[in-house]
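Residue numbers (this note's numbering), protein chains in the order written: chain S, 44 to 406; chain D, 44 to 406; chain B, 44 to 406; chain V, 44 to 406. This report concerns only the one structure given below.
4 protein chains.
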Amino acid sequence: MLGYAFMGRAHSNAFLGLRHVAWPPPLLPRLVAIAGRDRALVAEAAVRYGYERWTTDWRELVSDPAIGLFDNGGPNSAHAEPTIEAARAGKHVVCEKPLGRDADEAFEIWRAVADAGVKHLCGFNFRFVPAVRLARELIEAGELGEIRHFRARYLQDWAESPALDTWRFRPAESGSGAIGDLASHAIDLGRFLVGEIESVSAIVKTFVEGREVDDAVEAVVEFSSGPVGTIEATRLALGRRNAMQWEINGSKGSLWFDMERLNELHVFRADGDRARGAKTVLVSEADHPFIDYWWPPGHIIGWGDTFLHELAYFLGAIAGRHEVAPYGATFEDGYRSSEVCDALVRSSQSKTREQISYRTLAG
Amino acid sequence: MLGYAFMGRAHSNAFLGLRHVAWPPPLLPRLVAIAGRDRALVAEAAVRYGYERWTTDWRELVSDPAIGLFDNGGPNSAHAEPTIEAARAGKHVVCEKPLGRDADEAFEIWRAVADAGVKHLCGFNFRFVPAVRLARELIEAGELGEIRHFRARYLQDWAESPALDTWRFRPAESGSGAIGDLASHAIDLGRFLVGEIESVSAIVKTFVEGREVDDAVEAVVEFSSGPVGTIEATRLALGRRNAMQWEINGSKGSLWFDMERLNELHVFRADGDRARGAKTVLVSEADHPFIDYWWPPGHIIGWGDTFLHELAYFLGAIAGRHEVAPYGATFEDGYRSSEVCDALVRSSQSKTREQISYRTLAG
Amino acid sequence: MLGYAFMGRAHSNAFLGLRHVAWPPPLLPRLVAIAGRDRALVAEAAVRYGYERWTTDWRELVSDPAIGLFDNGGPNSAHAEPTIEAARAGKHVVCEKPLGRDADEAFEIWRAVADAGVKHLCGFNFRFVPAVRLARELIEAGELGEIRHFRARYLQDWAESPALDTWRFRPAESGSGAIGDLASHAIDLGRFLVGEIESVSAIVKTFVEGREVDDAVEAVVEFSSGPVGTIEATRLALGRRNAMQWEINGSKGSLWFDMERLNELHVFRADGDRARGAKTVLVSEADHPFIDYWWPPGHIIGWGDTFLHELAYFLGAIAGRHEVAPYGATFEDGYRSSEVCDALVRSSQSKTREQISYRTLAG
Amino acid sequence: MLGYAFMGRAHSNAFLGLRHVAWPPPLLPRLVAIAGRDRALVAEAAVRYGYERWTTDWRELVSDPAIGLFDNGGPNSAHAEPTIEAARAGKHVVCEKPLGRDADEAFEIWRAVADAGVKHLCGFNFRFVPAVRLARELIEAGELGEIRHFRARYLQDWAESPALDTWRFRPAESGSGAIGDLASHAIDLGRFLVGEIESVSAIVKTFVEGREVDDAVEAVVEFSSGPVGTIEATRLALGRRNAMQWEINGSKGSLWFDMERLNELHVFRADGDRARGAKTVLVSEADHPFIDYWWPPGHIIGWGDTFLHELAYFLGAIAGRHEVAPYGATFEDGYRSSEVCDALVRSSQSKTREQISYRTLAG
C-alpha cells in the first residue's frame, strides 16, 4: 500500500474487511507493507491497519518479492513512477483516480503497465456502488431502449475557504481541481453506462481568489452513439456534501441516482401500467452480485463498502475468475477519462466544442 | 381572449377565479369576447368560460371599444400581428411565451407595443409559482451571498411518437421545439433569479425521425455577473412529466426546486447550525405575497393557480398599484429570452460559445 | 349555500369553477343564494362568489323554490336543523363533516334526510383526491391481495396558542376537537379503502391548558375483515401543516400517501421484478376519472381542486348518471364515521377496547 | 463470542473494524474464541473472523481466563444462562435484544449480572445510529420544548411465507415474534428519546396460518411525562424492508427519521424563520460524537456501522472513560423494554389499557 491518508485508509479497511463479510474471499490478502512520506504517521498506520512492515521509501515495496499487489493511494503526482515501477517488477497494480495529472501522463502509465502484462485497476469505485451496477445491468438488458440523455453532476461544498491548503490545491501535485477529482467520476460513469464521449463544450471556473486550480466545470457532452447531456462538477455547491447525481433517459425508460442516498436507484419504465411512476429501488436484494458483502435486504450499506466490492472484484480478476473489464475500470478507462478531462480544459480556453480522439496502444 | 385551447382555458379560468379566491380583486374583469379559428369550438368556449361574445376574427376584438385588455394565448405564429394591433388600439396586452418565433420577431413586438404606451406582460407564469417568488425574495435579501451556479432543466416526456402533429411541431407556426416551449422558461428563471445571460455553448438535437423541430437542447451558460451553469430542455425524458428543476448555489446558501412538487422550496443556509441540512419549505405561509389566493397553510395549490397569481398581478399593474417589472415578465423580458434561444441554435451550429448582445429600444 | 367562511368559500369556488374546467358539466349550477350570520360579510360573499341573493336567515333558502341543492358549510352545531329542513323541503343536500356533533345527532340527520328521499353527500372530500381514488381502484382490482394493515395519521400544527378562539374550540358548537375535525377524515378513508371498523382502543388528550376540546387522539383500530392498524390525529405536530398520511399493507402489495404531496401515490407490488421498489406515481394521467378537471399530465393540482371533483360527482348523481355511493360519502357514511369518533372517546374513558355497533335505518 | 450467524457476524466485524476506522480505539480487542452449535460452521467462522480458538461448548468461554468480555449473539433462548454464567465468572457482558424471552427472564438476567458487578450492554444498536444520537442531544438541549407525541413503527416484509422455519418462529426459542424482535427496538427508542412508558393498549396479531408467534402488534402508548403516541411492528409490510420510522412532536419543534435512510434526520424548529420547513440533515458532520469512525462528511455510512459505534462505546465504558448509561442500553434497559413487551401481550388479551410497573433491584 502506498499512502495512509483518506484513500490509504479506505483501501486498507476494505482489504481487512473482505474476510469478515465474504467467505471465502477470492484470495486472502496478506498485508505485507505500507509506504508513506511521514515516518511517524506511516508507522502508526502500519499498526493500525495491520501491515507487517512500513517504509518511507516506496521502492522497498517494489523490490519486495513478498508483495504481489501494489495499491497506489498517494497524491496524483505520485501515481506514475511508483505504479509503473511496481508493474515492471511484476506486481498487479491498483491506482486511484485520476490515473495521471493529464492525458499524456495517464497514457504513459497505461502503456507501461500494459507492457508489463500485469492486471490493473483504476479506482473508479462508483462502478461498485450497487445501484450503479444494477443500472448497468438494466441498460445491458435493453430496459431503457435507445439512450437519449446522460446528465451527471458531482457537487461538493467543502472548498469555500481560501485558506485551505492540501496537495489537492497545488497544480503540480493534483493536475487540476474539481475536474480530476470530481468530474472524472462523472465521466467514467458516463462511459460505463452510456458509451464513449465524442465531444465537450465546457466552461472551467475558479471562484475563490488566489486558488490555482479550478473550483468548477460545466460542460455539454455528446456521446458517439448519439446521446447528449451534461457533466458538471463543483466544490462550491453549499448543502451538497457528496452529491454525485446522474440521470439517464432512453426511449423505453429512465434511471436516476444520488450518491447521498446511494442505496437507492430510481427506475422508470414506460410499461403501460396504470400506476405510472418511477420506482425507488432500495438496492440490497438477494440477487445482486455484491450480496455476499452485505447484511440482509433493507440493511443499508455505506460509502466505504464500495471499496470492499471493488477490491474483492480485483482479487477475483487476479485469481482468474473473470477479467477486470467491463465491470471494473482498467488503466485504459483511466486514460480515456483523462482525455475527456483535458478536453474540458481545452474547450474552456478555445470557447469551441472540442472533439476527443483517443490513443490506442497499437497506435 | 385570443385562443381557447390549453392556454386559453388556463387564462380564462384564472380571470374567472380571481373574484372567488381574492377579494376585492385589483380590478374586476369582465369577459367581453373570445376569438379562435374554429367556429364551433370558439362558440362553445364562450359559453363555457362565460364570455359575452365570440368571433373567428381577432380583428373584431382589436376594434371593440369595450375591451381594455387583450390576452393572446394563440400559437406562436399568431403572437405578433394581433398583439401589436391590439396595443396600437390602446389595449393592455398579455402574450404567451415565447413572445416571438425568434428574437427579431420578439423585438418587433416589444418595440411596437412599447411605442403604443400600454402595459405588457409576457406569460412566464413560473415567476408566479410561490416557491419561485420566495426564492427571488431570499436572493434579494442576500441570503445566498454571491451566486456561483445556476442549473436548470425542463424535462417532459410526451413527444416520443413520430405521429404527433400539432402546431408545436411545425416550424412555421412554432419557431422551434423544446427551445421556445421549455428552455425559454428556464432562461427566464435564470434571468429572474440570477441575472443576465452573457454566453451559451449548446447542442440542439432532434431524435425522432422526420420531426422538423428540436426535441432537446443542452447548454452551458455564463451570466454577466459571474455565475456559470447549465440550461437543459427535452420532451423525451421518460418519467419526467413536467419537471422544471433548478438549483442555485451561492457563497452563503443554496436553493433548489422541482415543478412536480411546486409547493416546496429547498433552502440551505450555511449558518453554523449543528443540525446542518436543507429545509424543505412548504411554501404556503401567511406572509407570502400570494396568500390572498390560497387556502390555509399546508393546503397546497396546483399548477393552474399560477395563472391566478400572474393575471391578478397584471391587473394590479393596470390599476396602478405597481409596475409589471420586476416580478412580472414584460415584453422586454420576452425579447431577451428569445435572444438567448436564438444563441442556443447558433451555438449548436457554429460549435462555439456564442456571446449574446441585447438590443435596446433606444438603440 | 349556508356559510361563507373556509368551507363556504371552497364550495362556492368549486361550483363556479366547474364549467370552466369540465365541459359540459353534469348539471350547470346556478348560484341562487347564500346565507350567513353576519349581514355585512354575507352580503360581500354574495357579490364575490356570484350568488344572486343573500340572507341572514337560512330558512329563506329552505323555502326558496328556486333552490334545488342545499350546501351546508356552517359550523357543526348548524348542521342538523338546516340540513334536515332543507331535505324535508325536497332539496338535495351536501353537509360538511362531521355530519353531527356526535353519533346520535349524525344518525338523526341521516334518518330524516333519508326519509325525505333526497340525495345526500357528506363532505369527506379526501375521497376525491385523485390518489385516493386510484388507491381505491387498485384495491378493488385485487392488486394488494388480502389487506393486513391500515395506518392513518392526520397531523396539523396550528393550535398551539391557548388564545385561539373559534367555534372549533367550543364544545357546544364543535362537538369535539381533533377527533371530529381530523380523525373523522382518517376514519372515513379507512372505511373507504379497507372496510368497516369493528373496535378501537384510544387515548384522547388535551395538552393546551384551558382548552375544552381535545388536541389529539391516538388509537388502535381493528377492521371487521381482519386488518389492524392505527388512527391518529393531532393539531400539535409542529412542521406538519396538513399531513394526512396513510399506509395500507396487503399480501400482494402496499400503498402509502401524504396529503402534503397529494399528487403522489406510492405503490409497491410484490411482482418478482428485479428492480424491487415502491413507485412514486404522479397521479395526473389521462385514464383517471377526474381527468376532465385537470391540466395535462404532470401539471399538478391543489387541495382546492378536490371540491371540484366532489361537487361535480354529486351533480352527476343528481343528474342520475350514477349513485352517490360508493365513491362519494353518503350521510350513512357520515353517521358511521361519527360512531367511530364516539367510540374513541368512550375507549379513552373506559380504558378498554370498545366494540362498535352501527345502527341501521330499519332498526 | 457466542453465535456465528447474523449477529455473530455483525459483532465480529465490528470488533475487527474498530482499529481500522478509529485510532487509537479505547481498548484493542483480541478475538480469543467463538462458540456455536455446529462444529463445521463455528470452525469456519473462527478462521473467517480471526478468532484464535473455537468450541461448541459455551462453558469453555466462561471458564477461559483469557476472555474479559463475553458477547452473546445467540438465539433468545440462549441469552440467560450463558450471559449470567459469564458475568459470574467476572467477564463484562454484551447480550443481544431482547434480553429475555419475557420480563421475568430479563429481570433475572439483569439481577444476576448486576450482582456480579460487571459492565453490561443490551444490544439496542439503534441508539448508535448517528441520527438517533443527534436526536437525543437536540432533545436534551431543549430544542423540542415539551414533548407531546412519539410515534414509532418498525416495518419489515420478509415473513409472508408459511414455510419459513427458523428459531425466530419457535416460541420456546424466541419468546415472541415481531414484538421481541422489532417492537422492542421501538420501545427502547421511545424510552431513550422521550421517557418511561406508563401504559399500553394493544392488539397482537398472527396473520400467517400455522405460525406460532405474532406477525404484528399495534399499540397506543402513554409516557409517564405526558406524551402519547403509537408503537407498531410488523413483518408483513410489503415494500418496507427495514423501515424503523419514528416521529417526535414537541412544543418547539419536531423530529422524524426512517432507518432505510439512516444517514438523515428531519428537524423542524418553530423559529419564526420565513423559510419555514423541516431540515433534512445528512448526519455525518465533524462535530458528531461518532465522527472518528467515519469518512468525510457526506460519505454516508451503513447499518453495519452502528455496531462499530456501539461496541467502541462499550469498550470505552470498560476502559473507564464513561458509564454505559445513558447513551448505551444497560441490562436494566433491556429488562424495562421486556416489561413493555409483556404488557403489549397482556393488553391484547385483556382488551384493556395495561399500566406497567417496573421492578427495581432493591425491590
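Note that beta-carbon positions come from the ideal geometry of N, C-alpha and C, so glycine has one too. Small disclaimer: the values here were computed from a predicted structure and weren't measured.
Environment of residue i [buried if 16+ CB atoms lie within 10 Å]
{"i": "Ala78 (chain V)", "result": "buried"}
{"i": "Pro67 (chain D)", "result": "exposed"}
{"i": "Gly412 (chain B)", "result": "No answer is possible for residue 412 (chain B): the residues shown for chain B start at 44 and end at 406."}
{"i": "Ser390 (chain S)", "result": "buried"}
{"i": "Gln392 (chain B)", "result": "exposed"}
{"i": "Asp316 (chain B)", "result": "exposed"}
{"i": "Ser244 (chain S)", "result": "buried"}
{"i": "Ser227 (chain V)", "result": "buried"}
{"i": "Ala386 (chain V)", "result": "buried"}
Residue i CB to nearest heavy atom of the ligand GDP below 6 Å
{"i": "Glu189 (chain S)", "result": "Only the bare structure without any ligand can be found here, which leaves the ligand GDP out of the picture."}
Residue i, DSSP secondary structure in three states
{"i": "Trp338 (chain S)", "result": "coil"}
{"i": "Trp101 (chain S)", "result": "helix"}
{"i": "Ile240 (chain D)", "result": "strand"}
{"i": "Arg62 (chain D)", "result": "helix"}
{"i": "His163 (chain S)", "result": "strand"}
{"i": "His228 (chain D)", "result": "helix"}
{"i": "Arg196 (chain V)", "result": "strand"}
{"i": "Thr373 (chain V)", "result": "coil"}
{"i": "Ile246 (chain S)", "result": "strand"}
{"i": "His365 (chain D)", "result": "coil"}
{"i": "Ile190 (chain V)", "result": "strand"}
Limits of the unbroken alpha helix (DSSP H) element including residue i
{"i": "Gly111 (chain V)", "result": "Counting along the chain, Gly111 (chain V) falls outside any alpha helix (DSSP H), and DSSP gives it neither H nor E."}
{"i": "Phe357 (chain D)", "result": "348-361"}
{"i": "Val85 (chain S)", "result": "82-92"}
{"i": "Arg179 (chain V)", "result": "173-183"}
Start and end residues, beta strand (DSSP E) containing residue i
{"i": "Thr98 (chain B)", "result": "96-98"}
{"i": "Thr323 (chain B)", "result": "320-325"}
{"i": "Ile274 (chain B)", "result": "271-277"}
{"i": "Met287 (chain B)", "result": "286-293"}
{"i": "Ser297 (chain S)", "result": "296-301"}
{"i": "Glu261 (chain S)", "result": "259-266"}
{"i": "Ile77 (chain S)", "result": "76-78"}
{"i": "Leu308 (chain D)", "result": "307-312"}
{"i": "Val137 (chain B)", "result": "135-138"}
C-alpha gap between residue i and residue j, whole angstroms
{"i": "Gly60 (chain S)", "j": "Pro72 (chain S)", "result": "10 Å"}
{"i": "Asp81 (chain B)", "j": "Arg284 (chain S)", "result": "56 Å"}
{"i": "Lys140 (chain V)", "j": "Glu366 (chain B)", "result": "54 Å"}
{"i": "Val383 (chain B)", "j": "Leu74 (chain B)", "result": "35 Å"}
{"i": "Ala262 (chain D)", "j": "Ser242 (chain D)", "result": "10 Å"}
{"i": "Thr323 (chain S)", "j": "Ala313 (chain B)", "result": "14 Å"}
{"i": "Val85 (chain B)", "j": "Thr98 (chain B)", "result": "7 Å"}
{"i": "Ala48 (chain V)", "j": "Val64 (chain S)", "result": "12 Å"}
Closer than 7 Å to chain E by CB, residue i
{"i": "Leu61 (chain V)", "result": "In the displayed structure, chain E is absent; the protein chains listed are S, D, B and V."}
### Message
With a threshold of 8 Å, are at least 3 pairs of Cβ atoms found where one atom belongs to the region 292-311 of chain D and the other to the region 172-191 of chain D?
### Response
yes
### Task
Give a yes or no on contact between the region 256-266 of chain D and the region 201-219 of chain D, applying the rule of three or more CB pairs nearer than 8 Å.
yes
### Message
Across the region 298-306 of chain V and the region 219-233 of chain B, are there enough close Cβ pairs to call them in contact, namely three or more that are closer than 8 Å?
### Response
no
### Message
Using a Cβ distance threshold of 8 Å, determine whether the region 327-339 of chain D contacts the region 331-342 of chain V, with at least three qualifying pairs required.
### Response
no
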